[in-house]
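Worksheet for the structure shown next.
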Amino acid sequence: MAKVLEQRALSELYADDVVKEAGVSKRTFYQHFANKEACFLALYRENSARVLGVLQEASGTPGLSALERIQLGAKAYLSFMQEQSALMKRLYIDILYLGTEGMKAKREVLHQFADVLVAAYDAERALLPSLPPLDPESVLAIVAGINELILFKIEDGQADRLSDLENVSQRLILGQLLLSQSHGSPS
68 MAKVLEQRAL SELYADDVVK EAGVSKRTFY QHFANKEACF LALYRENSAR VLGVLQEASG
128 TPGLSALERI QLGAKAYLSF MQEQSALMKR LYIDILYLGT EGMKAKREVL HQFADVLVAA
188 YDAERALLPS LPPLDPESVL AIVAGINELI LFKIEDGQAD RLSDLENVSQ RLILGQLLLS
248 QSHGSPS
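Here the numbering used here is used: the first residue of the sequence shown is 68, the next is one more, and so on.
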């Protein structure tokens with residue numbers, strides 16, 4: 068599915084295209100997926116898990132300050148997505164055409180990314196108990212905002228320039244951390 072999506076939009080391809088590229092029978096395809104949309108959603112979730120793994124690995128580097136982990140995480144996250152810009156373009160745009168099911172998958176992924184950021188901050192709080200907790204909804208808003216900036220780049224034909232968003236992504240995350248620290252825990 069990934070190879071086929073790099074060439075065409077989901078609306079322009081057929082299950083037969085995926086079957087041919089994968090070198091499997093239609094029967095095998097339909098044993099795993101109800102239709103091309105189900106195959107797409109599986110790819111969307113699988114690829115999101117890979118991107119999340121890259122983010123976790125980079126931002127979980129021991130011995131670094133919170134700032135360094137945020138910088139490393141943002142760089143790794145955006146660079147990984149930029150390396151597969153053709154696929155990311157299709158995943159980011161075509162998920163919007165799957166209606167309720169697509170939005171559900173997108174929300175799940177956004178929550179997973181927000182949870183990773185909160186967990187990284189909570190690990191920092193374990194070392195510095197004076198740090199206040201983060202507001203999970205604020206973190207989710209930041210993740211969704213970064214996601215929209217990525218979509219804007221993709222829609223503007225700049226999927227190969229996602230790393231341009233490193234600084235703004237870092238500022239959004241750091242801004243939330245600083246606000247949390249100056250205002251204490253959310254009410």
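Idealized CB from N, CA, C, for every residue including glycine. Keep in mind that this is a model prediction, so the values were computed, not measured.
Burial state of Asp83, where buried means 16 or more other Cβ atoms lie within 10 Å = A residue is called buried once 16 or more other Cβ atoms fall within 10 Å of its Cβ, and Asp83, having fewer, is exposed.
message = Just to confirm, is the Cβ distance from Tyr164 to Leu218 under 8 Å?
response = Contact annotation: Tyr164 and Leu218 have beta-carbon atoms that are not nearer than 8 Å.
ask   = Under the rule that 16 or more other beta-carbon atoms within 10 Å means buried, what is Gln149, buried or exposed?
value = When all chains shown are included, Gln149 counts as buried.
ask   = When DSSP labels each residue in this structure, what does Val91 get in the three-state scheme?
value = Val91 falls in the coil class under three-state DSSP.
Buried versus exposed call for Ser254 [16 or more other C-beta atoms within 10 Å across all chains shown] = Unreliable placement is indicated for Ser254, whose pLDDT of 46 sits below 50; no coordinate value is reported for it.
task = Note down, in chain order, each residue of its chain lying with its Cβ closer than 8 Å to the Cβ of Gln73, except the 5 sequence neighbours on either side.
result = It should be noted that the sequence gives Glu, not Gln, for residue 73. Apart from sequence neighbours up to five positions away, the residues of its chain that approach Glu73 with a beta-carbon distance below 8 Å are Ala153, Leu154, Arg157, ordered along the chain.
ask   = Under a Cβ-count criterion, where at least 16 other Cβ atoms within 10 Å of its own Cβ denotes burial, should Arg136 be classed as buried or exposed?
value = Counting C-beta atoms within 10 angstroms of its own C-beta, Arg136 has 16 or more neighbours from the protein chains shown and is therefore classed as buried.
key: Best match in Leu207, Leu246, Gly166, Leu239 for proximity to Phe180 [C-alpha to C-alpha]   = Nearest of Leu207, Leu246, Gly166, Leu239 to Phe180, Cα basis: Leu207.
message = In this structure, how does DSSP classify Met68 when only helix, strand and coil are distinguished?
response = Secondary structure of Met68 (DSSP, three-state): coil.
key: Entirely enclosed alpha helix (DSSP H) segments - the region 165 to 236, minimum 4 residues   = Within the region 165 to 236, the complete alpha helix (DSSP H) segments of 4 residues or longer fall at 166 to 194, 203 to 222, listed in chain order.
ask   = From Lys220, Ile213, Leu198, pick the residue whose C-alpha is nearest to that of Leu246; which is it?
value = Per the Cα distances, Leu198.
key: Classification of Val91 by the beta-carbon crowding that lies within 10 angstroms, buried from 16 upward   = Exposed: under 16 other Cβ atoms inside 10 Å.
task = Spell out a yes or no on whether the region 172 to 187 and the region 111 to 124 are touching, meaning 3 or more CB-CB pairs, one atom from each, closer than 8 Å.
result = Yes, the region 172 to 187 is in contact with the region 111 to 124.
ask   = Can you name, in chain order, every residue of its own chain whose Cβ lies under 6 Å from the Cβ of Phe107, other than the five neighbours on each side?
value = The residues are Leu77.
key: Buried versus exposed call for Asp161 [16 or more other C-beta atoms within 10 Å across all chains shown]   = Taking all protein chains in view, the Cβ of Asp161 is crowded by 16 or more other Cβ atoms within 10 Å, so the residue is classified as buried.
request  = Please report how far the alpha carbon of Leu145 lies from the alpha carbon of Ser132, in whole angstroms.
outcome  = Rounded to the nearest angstrom, the gap between the Cα atoms of Leu145 and Ser132 is 20 Å.
message = Do Ser236 and Ile221 count as a contact pair if the criterion is CB distance below 8 Å?
response = No; because the gap between Cβ atoms is not below 8 Å, this pair is not in contact.
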